[in-house]
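Some notes on the structure that comes next.
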Amino acid sequence: MLICHICSPLSLSPVCSRIGGNRQQRLAASRLRVRAARDQQNVLLLGSGAREHALSWKLAQSPLCASLHVAPGNTGISQEAGVSLATLPISSAEEVAQYCKQQSIGLVVVGPEAPLVSGIVDSLQAEGIRVFGPSAAAARLEGSKTFLKDLCRKYGIPTAGYRTFTDADAAKAYLQQQSMPIVVKADGLAAGKGVYVAASLPAALEAVDDLLLHNKFGAAGHEIVIEEYLDGEEVSFFALVDGSTCIPLASAQDHKAVGEGDTGPNTGGMGAYSPAPVLTPELQEQVMREIVQRTADAMVDLGTPFTGIIFAGLMIKNGQAKLLEHNVRFGDPECQCLMVRLQSDLLGALLLATSQRLDQVSLQWSSQAALTVVLAAKGYPGDYAKGSVIEGVDEVTDAKVFHAGTKRSGDGQLVADGGRVLSVTALGTTIRDAQQAAYKAVDQIEWANGFCRRDIGWRALS
Numbered sequence: 001m002l003i004c005h006i007c008s009p010l011s012l013s014p015v016c017s018r019i020g021g022n023r024q025q026r027l028a029a030s031r032l033r034v035r036a037a038r039d040q041q042n043v044l045l046l047g048s049g050a051r052e053h054a055l056s057w058k059l060a061q062s063p064l065c066a067s068l069h070v071a072p073g074n075t076g077i078s079q080e081a082g083v084s085l086a087t088l089p090i091s092s093a094e095e096v097a098q099y100c101k102q103q104s105i106g107l108v109v110v111g112p113e114a115p116l117v118s119g120i121v122d123s124l125q126a127e128g129i130r131v132f133g134p135s136a137a138a139a140r141l142e143g144s145k146t147f148l149k150d151l152c153r154k155y156g157i158p159t160a161g162y163r164t165f166t167d168a169d170a171a172k173a174y175l176q177q178q179s180m181p182i183v184v185k186a187d188g189l190a191a192g193k194g195v196y197v198a199a200s201l202p203a204a205l206e207a208v209d210d211l212l213l214h215n216k217f218g219a220a221g222h223e224i225v226i227e228e229y230l231d232g233e234e235v236s237f238f239a240l241v242d243g244s245t246c247i248p249l250a251s252a253q254d255h256k257a258v259g260e261g262d263t264g265p266n267t268g269g270m271g272a273y274s275p276a277p278v279l280t281p282e283l284q285e286q287v288m289r290e291i292v293q294r295t296a297d298a299m300v301d302l303g304t305p306f307t308g309i310i311f312a313g314l315m316i317k318n319g320q321a322k323l324l325e326h327n328v329r330f331g332d333p334e335c336q337c338l339m340v341r342l343q344s345d346l347l348g349a350l351l352l353a354t355s356q357r358l359d360q361v362s363l364q365w366s367s368q369a370a371l372t373v374v375l376a377a378k379g380y381p382g383d384y385a386k387g388s389v390i391e392g393v394d395e396v397t398d399a400k401v402f403h404a405g406t407k408r409s410g411d412g413q414l415v416a417d418g419g420r421v422l423s424v425t426a427l428g429t430t431i432r433d434a435q436q437a438a439y440k441a442v443d444q445i446e447w448a449n450g451f452c453r454r455d456i457g458w459r460a461l462s
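Mapping to UniProt numbering: the sequence shown position 245 is 245, numbers consecutive.
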């Protein structure tokens, strides 16, 4: 088995913990290290956000990782031991394939959704390169909301009622007959911004105009989904899939709204925590059985088996879960929480998934909670300035700071270079403990032009 339990993120440091125990345990660990050395791979991770920083931090800990390359990466990733950055346009499968051959890459891990939906996995596999991630056909689970909703209907996956439209007049006529609130979604990828939760009929009609008439999101909005509004508590749940075998990862709760108390416009995520107490063991069994496994089985039935991460956005109400959407990669900032809680070898699990051997995987998770606070530039998710100086990041203790929108100025100072800039992640015995540790670390960072929500974790704590 390629799964290694030597490396532990509990110290929030990418170093292996010392193996103790009896002689038999030491011999087993020694054999594992020998096999790991024999099976080592050069790995290429595609992406540049805090999600990719967390993944690179975890992948680099693996005894199976001979070298880790990240393209294009970011400032924080470049500071991780054993990691090198590659100046590589990840939208170009041809250039990625050429780099893989030059560097003898044994596995490519794709972080963001856009390359997956555009078919980079298919292109690399055609060149004989091993990739962790779904094919373009399987990535339709995220790339087309119409595809996903139709699949849910056909295979009995619990979700909200819906209709799809390409004609604005027909969509508006349908809305006239519906109760509010209601949800209007762009069919394709819109950087997480193509979803309108309309509290009133005028707001719903305006959403239709934005998408179908004004082309606010281009081709992504040329078809729309109008669906029933589901209330309850929203949860992110992740599973690892190798075609037919699905194993659960962990749950998390994201905070999408920019303002405290979940107010203001939605963002890419202002913070998260894991695990989500609302997702009980009984509910997790329901989600795995009725949502994740049915999705995987449906993709096999359609002739497009799914290999990769299924990220199920769920709505929980009255002890039942319904699917809001599927994503086909790790979430951000949920991934940051998951990586610091994962005690098993991530690279070993991904390698086994690519060879349809997930039945050999048993993942171990810390019993501690993790909480991530996102530091963003003032003005985000609207207009924001770049170039402001950030100090104190290197002095943070008892937490891990994952970078997203940062760079080094000419004189070597760390400066902001994006909307969501840093993800400060901490562990604690309870969610409250993790929250206190994360905000203690946040307060060690000096950034006059940055802000964060001060209530990450409030649902669990209430």
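Here a beta-carbon is modelled for each residue, glycine too, at the ideal position from N, C-alpha and C.
Query	Result
Residues in the same chain with beta-carbon distance under 7 Å from LEU352, minus the five sequence neighbours each way, listed in chain order, please.	LEU2, LEU358, GLN360, VAL361
According to DSSP, simplified to helix, strand and coil, what is LEU2?	Here LEU2 scores only 42 on pLDDT, less than 50, and its place in the model should not be relied on; the value that follows carries that caveat. Coil.
For MET339, which residues in the same chain have their Cβ closer than 7 Å to its Cβ, ignoring the five residues on either side in sequence?	PRO9, ALA54, LEU55, TRP57, LYS58
To the nearest angstrom, how far is the alpha carbon of ILE19 from that of PRO63?	Because the pLDDT of ILE19 is 27, which lies under 50, any placement of that residue in the model is unreliable, and the number read from its coordinates should be weighed accordingly. Cα-Cα distance, rounded: 14 Å.
Near PRO134, which residues of its chain fall below 8 Å by C-beta distance, leaving aside the five closest residues on each side in sequence?	LEU116, VAL121, LEU141, PHE306, THR307, GLY308, VAL328
Please classify TRP447: does DSSP put it in a helix, a strand, or coil?	coil
Count the other C-beta atoms from every protein chain shown that fall within 10 angstroms of the C-beta of LYS400, then say buried if there are 16 or more, exposed otherwise.	buried
So, for GLY188: in the same chain, excluding its five sequence neighbours on each side, which residues have a beta-carbon less than 6 Å away from its beta-carbon?	ALA220
Three-state secondary structure (DSSP) at PHE306?	coil
Work out the CA separation of ARG341 and LEU32 for me, nearest whole Å.	In this prediction, LEU32 scores a pLDDT of 49, lower than 50, which makes its location untrustworthy; the coordinate-derived value is nonetheless stated afterwards. Each residue's Cα considered, the two are about 22 Å apart.
Jot down the residue ranges of each uninterrupted beta strand (DSSP E) in the segment 175-254, minimum 3 residues, whole runs only, in chain order.	182-186, 195-198, 224-228, 233-242, 246-254
Which residue marks the beginning of the alpha helix (DSSP H) containing PHE330, and which one marks its end?	That residue, PHE330, is in no alpha helix (DSSP H); it is neither H nor E in DSSP.
Under a three-way DSSP split, which group does VAL361 fall into?	coil
Just the C-alpha distance for GLN102 and ILE77, rounded to the nearest angstrom, thanks.	22 Å
Please report how far the alpha carbon of GLY259 lies from the alpha carbon of TYR384, in whole angstroms.	16 Å
Under a three-way DSSP split, which group does ALA86 fall into?	coil
Of the residues VAL241, PHE237, ALA204, which one's Cα is nearest the Cα of residue 492?	Any property of residue 492 remains undetermined from this structure, which presents the chain solely from 1 to 462.
Name the DSSP beta bridge partners of ASN266, please?	ALA257
I believe GLY106 touches ARG130 by the beta-carbon criterion, under 8 Å. Please report the beta-carbon distance rounded to the nearest angstrom.	6 Å
Rounded to the nearest angstrom, what separates LEU230 and LEU323 at their Cα positions?	10 Å
Of all the options CYS246, GLY405, MET299, GLU325, which has the alpha carbon lying nearest to the alpha carbon of VAL389?	GLY405
On a Cα-Cα basis, can you pick out the residue from LEU422, ALA71, ALA139, VAL108 that is closest to LEU88?	ALA71
Are the segment 430-447 and the segment 362-381 touching, with three or more C-beta to C-beta distances below 8 Å?	yes
Can you have a look at ALA199 and say buried or exposed, based on whether 16 or more other CB atoms are within 10 angstroms of its CB?	exposed
In whole angstroms, what is the alpha-carbon distance linking ILE445 and ARG420?	15 Å
Taking just the CA atoms, how far does LYS172 sit from ALA349?	47 Å
Going by DSSP, name the residue or residues bridged to HIS53.	Answer is none; HIS53 lacks a bridge partner.
Let me know the alpha helix (DSSP H) ranges lying completely inside the segment 136-171, each 4 residues or longer, listed in chain order.	140-143, 145-155
Assign ALA416 to buried or exposed, taking buried as 16 or more other Cβ atoms, counted over all protein chains shown, within 10 Å of its Cβ.	buried
Is it buried or exposed, THR280, if we count other Cβ atoms within 10 angstroms and call 16 or more buried?	exposed
For the alpha helix (DSSP H) that contains ILE390, what are its first and last residues?	From DSSP, ILE390 is part of no alpha helix (DSSP H); its letter is neither H nor E.
Would you say ALA296 and CYS246 are within 7 Å of each other, going by their C-beta atoms?	yes
Would you kindly work out how many angstroms separate the C-alpha atoms of ASN449 and ALA276, rounded to a whole number?	31 Å
Taking just the CA atoms, how far does GLY269 sit from GLU391?	23 Å
CB residue 463 to CB ALA369, shorter than 7 Å?	Lying before the first or after the last residue shown, residue 463 is absent from the chain, which here runs from 1 to 462.
Buried or exposed for ASN74, going by 16 or more other Cβ atoms inside 10 Å?	buried
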